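**Q** In the numbering used here, the protein residues as written are 2 to 372. In this text, a Cβ means the ideal position worked out from N, Cα and C, and glycines have one as well. Owing to the predicted nature of the structure, the values given are computational and were not obtained by experimental measurement.
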Amino acid sequence: MVKNMSEQTPQRTPLYEKHLESNGKMVDFAGWEMPINYGSQVKEHNQVREDAGMFDVSHMVVLDLKGKDVKSFLQYLLANDVDKLKDEGKALYSAMLNHDAGVIDDLIVYYLADDFYRMVVNAATREKDIKWITQQTEGFELTINERDDLAMIAVQGPTARDKVVSLLSADDAQKAGGLKPFVGVQLNELFIARTGYTGEDGFEIIVPNDMAADLWEKLLTAGVKPIGLGARDTLRLEAGMNLYGTDMDESISPLAAAMAWTIAWGTDDEKPREFIGRPALEKEKKNGSEQKLVGLVLEDKGVLRGHQKVITENGNGETTSGSFSPTLGVAIAFARIPSSVNDYCHVDIRGKQLKARIVKPPFVRNGKSLI
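1. Would you kindly work out how many angstroms separate the C-alpha atoms of Asn5 and Ile312, rounded to a whole number?
2. Would you report the Cα separation of Arg358 and Cys346, rounded to the nearest angstrom?
3. Please identify the residue among Glu34, Ser340, Glu319, Glu18 whose C-alpha is closest to the C-alpha of Asp215.
4. Measuring straight from C-alpha to C-alpha, what distance separates Met2 and Leu64?
5. Specify, as a first and last residue, the run of the alpha helix (DSSP H) that Trp133 falls within.
6. Assign Pro255 to one of three DSSP states: helix, strand, or coil.
7. Could you pull the start and end residues of the beta strand (DSSP E) that Lys293 belongs to?
8. Compare the beta carbon distance of Gly185 and Ala174 with 7 Å and say whether it is the shorter of the two.
9. Is it true that the CB of Val71 sits closer than 7 Å to the CB of Leu143?
10. Roughly how many angstroms separate the alpha carbons of Ser239 and Gln309, rounded to a whole number?
11. Give me the Cα-Cα distance between Asp130 and Glu251, rounded to the nearest whole angstrom.
12. Is the distance from the Cβ of Gln42 to the Cβ of Ala232 below 7 Å?
13. Mind checking Ser7: buried by the 16 CB within 10 Å criterion, or exposed?
14. If we ignore side chains and look at the alpha-carbon of each, how far apart do Ile154 and Glu314 end up?
15. Taking one C-beta from the region 74–81 and one from the region 272–283 each time, how about it: are there three or more such pairs within less than 8 Å?
16. Check the DSSP bridge columns for His376 and list the partner residues they point to.
17. So if DSSP puts Leu75 in a beta bridge, which residue, or which two residues, is it bridged to?
18. For the candidate residues Asn367, Leu113, Arg337, whose alpha-carbon lies nearest to that of Lys361?
19. Less than 8 Å between the CB atoms is what I'm expecting for Ser322 and Leu244, so what's the real figure, rounded?
20. So, helix, strand or coil for Asn5, using DSSP?
21. Suppose you measure from the CA of Gly229 to the CA of Glu45; what does that come to, to the nearest Å?
22. Please state whether DSSP places Pro182 in a helix, a strand or coil.
23. Just list the residues that DSSP pairs Glu139 with in beta bridges.
24. For Ser341, which residues from the same chain have a beta carbon less than 7 Å from its beta carbon, with the 5 sequence-adjacent residues on both sides left out?
25. Is Asp163 helix, strand or coil when you go by DSSP?
26. Nearest-angstrom Cα distance between Trp217 and Leu16?
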């Protein structure tokens, strides 16, 4: 069953004391007391691009769904199709939509057995996600268990996998080292998945709460540096990865959020899979989306942030996320603009119209510029 916990503000992860030991600057994030940085956000960003860093992402919500109808339920609940998941541990990224095709949340789901899937959703949307998912279970036989006994550590960077593998037994090291992207495996108490939110290689490790601090300390000893939420945001922006509540929300469809690739429509020779939001999505697809999400690279000197006015020859738009890119040395952003616009636009920054080039994200992948 899903636990209906009384919320404490702020909540603390099992790694809270470890953050203080590393001089983490703690801030409120979605009701959790989390480290924004440990001194220098830019150094932490570069640490992940050049070596290995680790993030406490224990505020994320792990839901275990079990039962004979769990597959058909998830096929109805999600815009992507879990039928793609044939091998144990394989993962899928998907949007969970409302009936108007707005994005309730974006998430990862793992296939662990025919009657067992694991879902990881965002901390800021925990209550509404659990409420929505539970409401949709009518007519399906399954159980949903919120795993508040588990923590999560993301280890990312070009040397991240090697450093994690060095801490494992020979047998487990072979299994973890051989994981393909978007696949996870249960190794004793650890669930290790080759996933991440930085554009670098690495693992996300789900670990029991009472083992999290020990694992964190072992990773520190292996040379993995702690990284705060500030660098996590610039890393994911460079990697072209949306942030829920900033780049998309319940008023935005995946078609207007550069997430069309996450929609599994099916083929013409099969009966279309029914999923929540499909009719509204089909209507939008037929009529064409009026707006699209693109990347911007500022060509003039300035700083790009969210909610800045974007001026184009075919109408105005708005930046959704923006920052200075430590890897590229320029300001970059996501922006929602008229679908007919390409090439260039201007961004209103403190009354000045600064020129920006329109690009297709990602900006950076595996430490290399893609623009």
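**A** The structure says:
1. What you label residue 5 is simply residue 4 of the sequence shown in a count that begins at 1. What you label residue 312 is simply residue 311 of the sequence shown in a count that begins at 1. Summary for Asn5: the model assigns pLDDT 48, below 50, so the residue's position carries little reliability, and this model does not support an answer.
2. Working through the sequence shown from its first residue, we reach residue 358 at position 357. Working through the sequence shown from its first residue, we reach residue 346 at position 345. Answer to the nearest angstrom: the Cα atoms are 7 Å apart.
3. Numbered from its first residue, the sequence shown carries residue 215 at position 214. Here the closest residue by C-alpha is Glu18.
4. On the sequence shown, residue 2 is found 1 positions in, with the first residue counted as 1. On the sequence shown, residue 64 is found 63 positions in, with the first residue counted as 1. With a pLDDT of 47 at Met2, under the threshold of 50, the modelled position of that residue is not reliable, and the figure given next carries that caveat. If you take the alpha carbons of Met2 and Leu64, they lie about 10 Å apart.
5. Position 132 of the sequence shown, counted from the start, is the residue given in the question as residue 133. Per DSSP, Trp133 belongs to the alpha helix (DSSP H) from 127–136.
6. The residue given as residue 255 occupies position 254 in the sequence shown. Helix, per DSSP.
7. The sequence position of residue 293 within the sequence shown is 292, counting from 1. Looking at the DSSP string, the run of the beta strand (DSSP E) that includes Lys293 is 292–299.
8. Start at 1 with the first residue of the sequence shown, and residue 185 comes out as number 184. Start at 1 with the first residue of the sequence shown, and residue 174 comes out as number 173. Not in contact: Gly185 and Ala174 (Cβ atoms no closer than 7 Å).
9. Sequence index remark: in the sequence shown, residue 143 carries index 142 (1-based). Sequence index remark: in the sequence shown, residue 71 carries index 70 (1-based). It is a contact, given that the beta carbons lie within the stated cut-off.
10. The residue given as residue 239 occupies position 238 in the sequence shown. The residue given as residue 309 occupies position 308 in the sequence shown. The residue asked about is misnamed: residue 239 is Glu in this sequence, not Ser. Each residue's alpha carbon lies about 18 Å from the other.
11. For the purposes of this step, residue 130 is identified with residue 129 of the sequence shown, where counting begins at 1. For the purposes of this step, residue 251 is identified with residue 250 of the sequence shown, where counting begins at 1. Straight-line Cα distance between these residues: approximately 12 Å.
12. In the sequence shown, residue 42 corresponds to position 41, counting from 1. In the sequence shown, residue 232 corresponds to position 231, counting from 1. Yes, these two residues count as a Cβ contact at 7 Å.
13. If you number the sequence shown from 1, residue 7 lands on position 6. Reliability fails at Ser7, whose pLDDT of 45 lies under 50, so the model's placement of it is uncertain and the value that follows must be treated cautiously. When all chains shown are included, Ser7 counts as exposed.
14. Within the sequence shown, the letter at position 153 stands for residue 154. Within the sequence shown, the letter at position 313 stands for residue 314. Counting only the Cα atoms, Glu314 lies some 45 Å from Ile154.
15. yes
16. No answer is possible for residue 376: it lies beyond the span of the chain, which begins at 2 and ends at 372.
17. By 1-based counting over the sequence shown, the position of residue 75 is 74. DSSP, once it has assigned bridges, lists no residue as partnering Leu75.
18. Numbered from its first residue, the sequence shown carries residue 361 at position 360. Closest option to Lys361, Cα to Cα, is Arg337.
19. In the sequence shown, counting from the first residue as 1, residue 322 sits at position 321. In the sequence shown, counting from the first residue as 1, residue 244 sits at position 243. About 6 Å separates the CB atoms of Ser322 and Leu244; that is less than 8 Å, so the two are in contact.
20. The residue given as residue 5 occupies position 4 in the sequence shown. Per-residue confidence for Asn5 stands at a pLDDT of 48, beneath the threshold of 50, marking its modelled position as unreliable; the derived number appears in the next sentence. Coil.
21. Position 228 of the sequence shown, counted from the first residue, corresponds to residue 229. Position 44 of the sequence shown, counted from the first residue, corresponds to residue 45. Approximately 7 Å between the Cα atoms of the pair.
22. Reading the sequence shown from its first residue, position 181 is the one you call residue 182. Pro182 falls in the coil class under three-state DSSP.
23. The count along the sequence shown starts at 1 and reaches residue 139 at position 138. In DSSP, Glu139 forms no bridge with anything.
24. On the sequence shown, position 340 is the one that residue 341 refers to. Around Ser341: Asn315.
25. Indexing the sequence shown from 1 puts residue 163 at position 162. Asp163 falls in the helix class under three-state DSSP.
26. In the sequence shown, residue 217 corresponds to position 216, counting from 1. In the sequence shown, residue 16 corresponds to position 15, counting from 1. For Trp217 and Leu16, the distance between alpha carbons rounds to 8 Å.
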